[in-house]
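Position one of the sequence shown corresponds to residue 18 (this note's numbering), numbered consecutively onward. Don't be surprised by glycine CBs; every beta carbon is placed ideally from N, CA and C. Have a look at the structure below before the remarks.
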Amino acid sequence: PTNDGFYNCLDIWSTFLDYLFTKAKGRPSEIQAIIDRYKDALMSLVSHILQKLQFKYNQTQLEELDDETLDYDEETEWQHFLRHCLELVAKVAEILTAETFQILYTPFQEAMHIYFELERHIATGTEKRRLNIRGENDCRRLHCSLRDLSSLLQGLGRLADHFIAEKFRERFSDGHVLIERLVNMVVYGSRVKLFELTSTEQSVLQTDLIEVHAQALAAIKPFCHWLLQFYNESSSYPDQRLKFTEMLTTLLGAVTRLFDQSIPDKISHSAAHLLSSLVSTVRPNFLLQVPCIQGLYNSASQGVYRGCIQEIQLLLYRSLSLYLLLPWNNVPDAEQDWASRASHHQTFCHQMAAPLLHLKDTSMLINNKVAQEEAKPVLHTCLRLLVDWVEGVSGEVVKAKQICYQSMADIVNITLNVFPVFIHQPEVLEDILAFFLALFQSCRVQMGIPFTEQTIQTFMALFNKEQLAETLSHESGAAHRVIEKFLKILQIIVQEPGASFKRFLPSIINICIEYIYPVLAQRPSPDMKQVLYELLHELLMNNWRYFFKGSVLTALNSKEETLENEQQFVAIMQSYGQSFLQTDITVFRQNLESLEKLNSKWRLYKKPIFYSGMQTQFMNVLLQVLVHKSHDLLQEEIVVTVYNMASVDFDRFYGEFLPQFLTGCERLDGTQKNMLTSNFKPEKDLPTFTQSLQRFVNDLRYYRLLNTGLPEGSVQFS
Numbered sequence: 018p019t020n021d022g023f024y025n026c027l028d029i030w031s032t033f034l035d036y037l038f039t040k041a042k043g044r045p046s047e048i049q050a051i052i053d054r055y056k057d058a059l060m061s062l063v064s065h066i067l068q069k070l071q072f073k074y075n076q077t078q079l080e081e082l083d084d085e086t087l088d089y090d091e092e093t094e095w096q097h098f099l100r101h102c103l104e105l106v107a108k109v110a111e112i113l114t115a116e117t118f119q120i121l122y123t124p125f126q127e128a129m130h131i132y133f134e135l136e137r138h139i140a141t142g143t144e145k146r147r148l149n150i151r152g153e154n155d156c157r158r159l160h161c162s163l164r165d166l167s168s169l170l171q172g173l174g175r176l177a178d179h180f181i182a183e184k185f186r187e188r189f190s191d192g193h194v195l196i197e198r199l200v201n202m203v204v205y206g207s208r209v210k211l212f213e214l215t216s217t218e219q220s221v222l223q224t225d226l227i228e229v230h231a232q233a234l235a236a237i238k239p240f241c242h243w244l245l246q247f248y249n250e251s252s253s254y255p256d257q258r259l260k261f262t263e264m265l266t267t268l269l270g271a272v273t274r275l276f277d278q279s280i281p282d283k284i285s286h287s288a289a290h291l292l293s294s295l296v297s298t299v300r301p302n303f304l305l306q307v308p309c310i311q312g313l314y315n316s317a318s319q320g321v322y323r324g325c326i327q328e329i330q331l332l333l334y335r336s337l338s339l340y341l342l343l344p345w346n347n348v349p350d351a352e353q354d355w356a357s358r359a360s361h362h363q364t365f366c367h368q369m370a371a372p373l374l375h376l377k378d379t380s381m382l383i384n385n386k387v388a389q390e391e392a393k394p395v396l397h398t399c400l401r402l403l404v405d406w407v408e409g410v411s412g413e414v415v416k417a418k419q420i421c422y423q424s425m426a427d428i429v430n431i432t433l434n435v436f437p438v439f440i441h442q443p444e445v446l447e448d449i450l451a452f453f454l455a456l457f458q459s460c461r462v463q464m465g466i467p468f469t470e471q472t473i474q475t476f477m478a479l480f481n482k483e484q485l486a487e488t489l490s491h492e493s494g495a496a497h498r499v500i501e502k503f504l505k506i507l508q509i510i511v512q513e514p515g516a517s518f519k520r521f522l523p524s525i526i527n528i529c530i531e532y533i534y535p536v537l538a539q540r541p542s543p544d545m546k547q548v549l550y551e552l553l554h555e556l557l558m559n560n561w562r563y564f565f566k567g568s569v570l571t572a573l574n575s576k577e578e579t580l581e582n583e584q585q586f587v588a589i590m591q592s593y594g595q596s597f598l599q600t601d602i603t604v605f606r607q608n609l610e611s612l613e614k615l616n617s618k619w620r621l622y623k624k625p626i627f628y629s630g631m632q633t634q635f636m637n638v639l640l641q642v643l644v645h646k647s648h649d650l651l652q653e654e655i656v657v658t659v660y661n662m663a664s665v666d667f668d669r670f671y672g673e674f675l676p677q678f679l680t681g682c683e684r685l686d687g688t689q690k691n692m693l694t695s696n697f698k699p700e701k702d703l704p705t706f707t708q709s710l711q712r713f714v715n716d717l718r719y720y721r722l723l724n725t726g727l728p729e730g731s732v733q734f735s
């Protein structure tokens with residue numbers, strides 16, 4: 018099934034369907050014509066694909082697919098094969114939903130029936146529970162059935178979009194039946210715990226049973242939008258609302274049992290993702306009254322889930338936090354019960370971060386190495402959790418951010434106070450700065466200007482020249498990430514419009530140009546350089562008046578703006594120029610785009626300070642880059658930048674710059690230089706200029722190559 022011919026066949030069908038859908042888009046009659054003409058072929062295609070991917074029919078070939086080694090797309094060979102198959106099935110379902118659903122549902126029902134029957138074959142005794150299926154053929158058939166059930170669950174999950182929005186009512190019956198079956202599978206799996214069973218084929222069947230349970234949970238996740246629509250539509254129908262409530266509480270009762278340490282991580286991980294989707298998408302107003310959800314909050318606050326892997330913990334705790342922060346669906350604002358939820362969230366937050374709150378007395382940490390070592394894991398665990406919570410409300414309503422920040426206010430102050438204690442320990446600084454970066458990105462308004470200023474003052478006072486040099490001298494990744502996060506925080510500050518933050522600009526420029534840039538200029542450090550230049554770009558884009566004083570009246574009268582802080586502006590431009598001498602193509606592209614954006618918004622190239630003192634140097638460097646082909650991937654962008662600089666005064670470019678540039682070019686004689694100058698036609702439109710510049714560069718390279726091959730002394734270079 019993995020040969021190129023099979024994948025080519027899938028690609029051809031996919032392309033053909035894309036063509037038909039594009040042609041018929043917005044025209045129901047065309048779509049109906051496609052259905053009438055190709056229905057039988059498409060149904061046959063879906064049937065054959067499903068047969069191809071089922072172990073029931075194709076075990077020998079499918080067992081050959083590697084399901085362990087991940088490729089560049091983080092997929093195994095089996096996952097790659099299955100995804101390609103199901104994507105084409107889902108594409109057919111766009112026009113033949115009911116028919117495709119039926120083809121999928123029939124083998125799903127058969128495999129699900131076998132799955133439900135397994136409870137009858139559980140043998141109990143003094144030893145561990147075991148699956149009483151011993152025959153080799155029986156085990157093989159069960160293995161195939163379970164593998165197929167997992168695949169079909171994924172296929173049904175892919176059809177979720179065809180049961181929502183305008184199709185919800187039309188396909189409600191099928192959707193309701195399917196969701197009920199999926200919920201029953203999850204309830205059954207959580208109750209019977211088939212993944213605990215041993216058998217004569219323990220390793221194979223246990224893996225299969227774990228996969229089925231995880232995929233059943235995963236299949237419900239894309240139907241969360243269906244559940245939301247069911248919740249909204251049932252608001253006026255008590256009997257339907259009761260059905261929804263029973264379905265959701267039953268599902269939650271099964272899901273919340275799957276975070277015990279004895280549960281396989283794959284199942285717990287899938288359950289955590291489903292819970293997160295239910296909380297963030299459906300968000301009914303009654304969950305705090307559901308006993309299993311109450312138990313989840315209590316267990317989390319008591320540390321019951323600390324044995325789970327960290328990703329599961331973060332997903333679980335984020336879900337519990339978000340349910341208290343996000344507005345409930347289908348509920349007026351006056352009935353959102355914000356006060357009670359804010360109190361509940363603060364209590365929950367303080368319970369989860371209790372060890373960090375115990376660090377309030379920083380005097381216990383100063384000069385106490387033992388206490389500092391004990392505090393490190395506390396800071397790491399608690400701050401990572403809180404970063405996840407803060408990032409969770411980014412882009413959400415103001416009320417959610419207000420409650421979130423109010424819950425953390427004490428923790429924020431404590432974290433800022435312990436910052437100086439760990440100033441020489443990059444691995445701790447990384448956690449602290451990650452927390453503050455998340456706050457600045459999501460809750461800056463809620464922090465308030467005074468505290469924001471206090472925080473920035475603290476950071477800038479502690480990150481003096483010596484401290485930054487010490488941090489940069491560390492070869493650890495944590496030290497580099499500390500600098501990156503610090504620069505990202507400063508990047509947010511320089512974009513603030515308020516006058517209170519403008520007073521930090523001189524210090525920020527000094528930190529960038531005097532402290533950090535000289536060290537980075539001598540190192541590869543591409544990630545840090547990118548962040549540094551992003552900061553400088555935002556500083557210039559958002560604080561142009563710091564350098565060029567002027568007003569609307571000045572612009573209307575075509576008067577030149579007054580240049581202030583010239584030395585700092587020149588230093589920033591010089592750092593840009595230096596980056597064009599480096600081999601890093603990412604930084605090169607980034608700064609080229611930055612110059613173009615500055616010119617587009619602020620007419621950088623026409624400013625006297627740039628035009629008179631820098632333009633020649635920039636164009637010289639960019640032309641040398643073209644000649645040496647060191648950044649050939651950016652040839653088009655470089656030519657456009659040179660054109661925009663030259664267009665300020667074409668006469669100067671052709672009359673002064675080109676001759677000066679050629680004067681500095683080695684291994685060319687006078688005749689060749691004259692030829693190069695005369696062949697560069699003084700055109701002013703971009704297409705012709707581009708052709709002329711490319712020909713100029715190619716001819717220059719040719720002359721140099723020609724001269725290199727001639728006997729020494731035969732050419733008199735000028």
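With respect to the 9 Å criterion, VAL511 and LEU552 are classified as neighbours on the basis of their beta carbons.
Taking 4 residues as the minimum length, the alpha helix (DSSP H) runs contained wholly in the region 517–580 are 522–527, 534–537, 543–559, 561–564, 569–573, in order along the chain. When C-beta atoms of the region 30–38 are compared with those of the region 106–115, three or more pairs fall below 8 Å, so the two segments count as touching. Per DSSP, the unbroken alpha helix (DSSP H) holding GLU654 starts and ends at 652–663. Apart from sequence neighbours up to five positions away, the residues of its chain that approach LYS482 with a beta-carbon distance below 6 Å are TYR532, ordered along the chain. Note: ALA140 is bridge-paired with ARG147 in the DSSP secondary-structure output. Between LEU70 and ASP165, the alpha-carbon positions lie close to 8 Å from each other. Three or more Cβ pairs closer than 8 Å define a contact, and the region 582–595 meets that threshold against the region 549–568.
Sorting PHE627, LEU703, LEU313 by C-alpha distance to the C-alpha of TYR334 places LEU313 at the top. Per DSSP, SER360 is one residue of the alpha helix (DSSP H) stretching across 355–369. Segment contact: the region 536–550 against the region 589–609, three or more CB-CB distances shorter than 8 Å; contact assigned. Around ASP84, the same chain offers THR93, TRP95 as residues with beta carbons nearer than 6 Å, after the five sequence neighbours per side are excluded. In the three-state DSSP reduction, ASP83 falls in the coil class, being neither helix nor strand. Here ASP277 carries a coil assignment [DSSP, helix/strand/coil]. Listed in chain order, the non-local C-beta contacts of GLN634 below 7 Å within the same chain comprise GLY594, local neighbours out to five positions each way being set aside. The region 304–312 and the region 260–271 touch, with three or more beta-carbon pairs separated by less than 8 Å. The beta carbon of SER251 sits closer than 8 Å to the beta carbons of GLN257, ARG258, LYS260, PHE261 from its chain, once the five residues preceding and following it are set aside; these are given in chain order. Shown here, THR432 sits in a helix according to DSSP, grouped into three states. Straight across, the Cα-Cα distance linking VAL445 with LEU396 is about 7 Å. Of the other Cβ atoms in all chains shown, fewer than 16 fall within 10 Å of the Cβ of GLU328; this residue is therefore exposed. Under the three-state reduction of DSSP, SER647 is assigned to coil, being neither helix nor strand. With 16 or more neighbouring CB atoms inside 10 Å of its own CB, ARG175 falls in the buried class.
Here LEU331 is actually not in contact with LEU275; their C-beta atoms are around 16 Å apart, not less than 8 Å.
In the structure shown, ASP427 falls within a helical segment according to DSSP collapsed to helix, strand and coil.
Contact annotation, VAL299 with LEU244: C-beta distance approximately 5 Å; criterion of less than 8 Å satisfied. At a cut-off of 4 residues, the continuous stretches assigned as alpha helix (DSSP H) that sit fully inside the region 596–651 are 602–619, 625–630, 632–645. A distance below 6 Å between beta-carbons, with the five flanking residues on each side excluded, links GLN458 to no residue of its chain. Counting along the chain, GLN96 sits inside the alpha helix (DSSP H) bounded by residues 94–110.
Contact fails between the region 700–717 and the region 619–632, because fewer than three Cβ pairs, one in each stretch, are under 8 Å apart.
Collapsing the DSSP output to three states places GLU390 in a helix. In this structure, LEU265 lies away from VAL296, with their beta-carbon atoms at least 9 Å apart. CYS460 sits in coil when the DSSP states are folded into three classes, being neither helix nor strand. GLN49 sits exposed, since fewer than 16 C-beta atoms from the chains shown fall within 10 Å of its C-beta. The beta carbons of LEU226 and VAL203 sit no closer together than 9 Å. Secondary structure of GLU187 (DSSP, three-state): coil. Between GLN423 and PHE365, the alpha-carbon positions lie close to 12 Å from each other.
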